[in-house]
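Residue numbers (the working numbering): 721 to 873.
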């Protein structure tokens with residue numbers, strides 16, 4: 721069995737690495753010493769349509785550690801992210817904090833997300849339907865590993 725871990729993943733806390741190691745999962749990209757930019761450059765050179773596809777980590781990475789993750793919660797996160805992508809945002813994460821959704825988009829997109837009244841109202845309506853009482857926009861913007869920040873403190 722192989723996964724898509726790469727050299728850049730070594731810089732972040734990844735609790736699943738231990739389980740992967742214990743089960744003999746191979747990481748060919750990491751073993752070859754390739755990072756995200758290397759992979760994009762090679763993919764573009766090979767003419768792959770996905771060369772500039774935004775990163776898309778496992779949906780389980782949207783939840784704080786030790787939270788019980790259910791199929792329903794995963795579905796809510798997936799629906800929320802898909803909705804925001806359909807509004808024209810390329811890179812998005814919906815971080816699940818109980819009854820609060822913390823939305824991350826690229827820094828340049830924060831104003832478009834929160835400052836556009838029409839977009840803001842659409843997101844509020846959809847996320848309330850998804851069951852969130854509070855919907856927030858993370859002012860730091862999208863970043864990988866943001867759920868690891870409390871663990872690193």
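Beta carbons are placed, not taken as given, at the ideal position from N, Cα and C, and that holds for glycine.
Alpha-carbon spacing of residue i relative to residue j, whole angstroms
i           : j           : result
residue 823 : residue 847 : 11 Å
residue 825 : residue 755 : 22 Å
residue 864 : residue 854 : 22 Å
residue 776 : residue 867 : 15 Å
residue 843 : residue 836 : 11 Å
residue 740 : residue 746 : 8 Å
residue 791 : residue 779 : 10 Å
residue 757 : residue 763 : 10 Å
residue 838 : residue 795 : 25 Å
residue 807 : residue 850 : 17 Å
Residue i vs residue j beta-carbon contact at 7 Å
i           : j           : result
residue 782 : residue 816 : yes
residue 830 : residue 861 : yes
residue 857 : residue 833 : yes
residue 727 : residue 753 : yes
residue 821 : residue 812 : no
residue 774 : residue 810 : yes
With 16 other Cβ atoms within 10 Å as the buried cut-off, status of residue i
i           : result
residue 788 : exposed
residue 738 : exposed
residue 729 : buried
residue 803 : buried
residue 725 : buried
residue 766 : exposed
residue 733 : exposed
residue 859 : exposed
residue 768 : exposed
The ligand GTP heavy atom lying under 6 Å from the CB of residue i
i           : result
residue 772 : The ligand GTP is not part of the structure shown, which contains no ligands of any sort.
Terminal residues of the alpha helix (DSSP H) in which residue i lies
i           : result
residue 805 : 791-806
residue 832 : 830-834
(Q) I'd like the ranges of any beta strand (DSSP E) spanning at least 3 consecutive residues and lying wholly in the region 848-873. (A) Runs found: 854-857.
Q. Which full runs of the alpha helix (DSSP H) of 4+ residues lie inside the region 722-788, going along the chain?
A. Complete alpha helix (DSSP H) runs here, min 4: 736-742, 748-751, 756-765.
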